[in-house]
Amino acid sequence: MKLARFATATALAAALAGVAIAPAAAQPTTTTHPYSCSNQGGGPNHTVNCSGLITVNNVLNGTTVNIGDVNVLNGTQINDLQVALANVADNNVNAPVTVQLLKLETAAISTYLTKFGITVLPVNVGICAGSICV
1096 MKLARFATAT ALAAALAGVA IAPAAAQPTT TTHPYSCSNQ GGGPNHTVNC
1146 SGLITVNNVL NGTTVNIGDV NVLNGTQIND LQVALANVAD NNVNAPVTVQ
1196 LLKLETAAIS TYLTKFGITV LPVNVGICAG SICV
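All letters in the sequence shown, in the order written, are residues 1096 to 1229 by this note's numbering.
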């Protein structure tokens, strides 16, 4: 599973290199699936932890995104990550839970690469909704 996610991330990184110059999509002004992210710790044990909602009617309201990274994100970067996660959650509410979680993972990896210039491997991204993790 981790190898498949690594291959997906590598393909995503290659695909994103071609679209990095494309204009950014309009960001929603409101979201029904907000995410809140914060820096935790520092150095090699630093993580960015996010929590939010997925699915209809907040069925899985304990969704967490944990990104292991040595870089502390600034306020703008935290906001960009929160918006990217909320956009995915808003646009995939009827998809199966595992699909939604994988889309959140892809959004986190993509945001780090295209917005921050930081490569994050899927093995460093943990996404869970209750007991379901990818």
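Where a beta carbon is used, it is the ideal one built from N, C-alpha and C, also for glycine.
Quantities reported herein were computed from a predicted structural model and do not represent experimental measurements.
On a Cα-Cα basis, can you pick out the residue from the options that is closest to residue i?
i	options	result
Pro1129	Leu1197, Thr1214, Leu1196, Val1183	Val1183
Val1220	Thr1125, Leu1176, Lys1210, Ala1203	Ala1203
Gly1157	Pro1217, Lys1210, Asn1144	Asn1144
Ala1181	Thr1206, Val1167, Thr1193	Thr1206
Pro1217	Thr1201, Phe1211, Ala1224	Thr1201
Asn1166	Ala1179, Val1178, Val1215	Val1215
Ser1226	Thr1193, Ile1213, Gln1172	Thr1193
Phe1211	Ser1146, Asn1174, Gly1136	Asn1174
Just to confirm, are residue i and residue j a CB contact at a threshold of 8 Å?
i	j	result
Cys1132	Leu1176	yes
Thr1127	Asp1185	yes
Leu1168	Asn1140	no
Ile1222	Val1160	yes
Lys1198	Asn1187	yes
Ala1224	Ile1149	yes
Three-state secondary structure (DSSP) at residue i?
i	result
Thr1206	helix
Ala1117	Only weak support exists for where Ala1117 lies, its pLDDT of 35 falling under 50; the value from the coordinates is given anyway. Ala1117 falls in the coil class under three-state DSSP.
Thr1142	strand
Thr1158	strand
Gly1163	strand
Asn1169	coil
Exercise. What runs of the alpha helix (DSSP H), each 4 residues or longer, lie entirely inside the segment 1178 to 1224?
Worked result: 1192 to 1211
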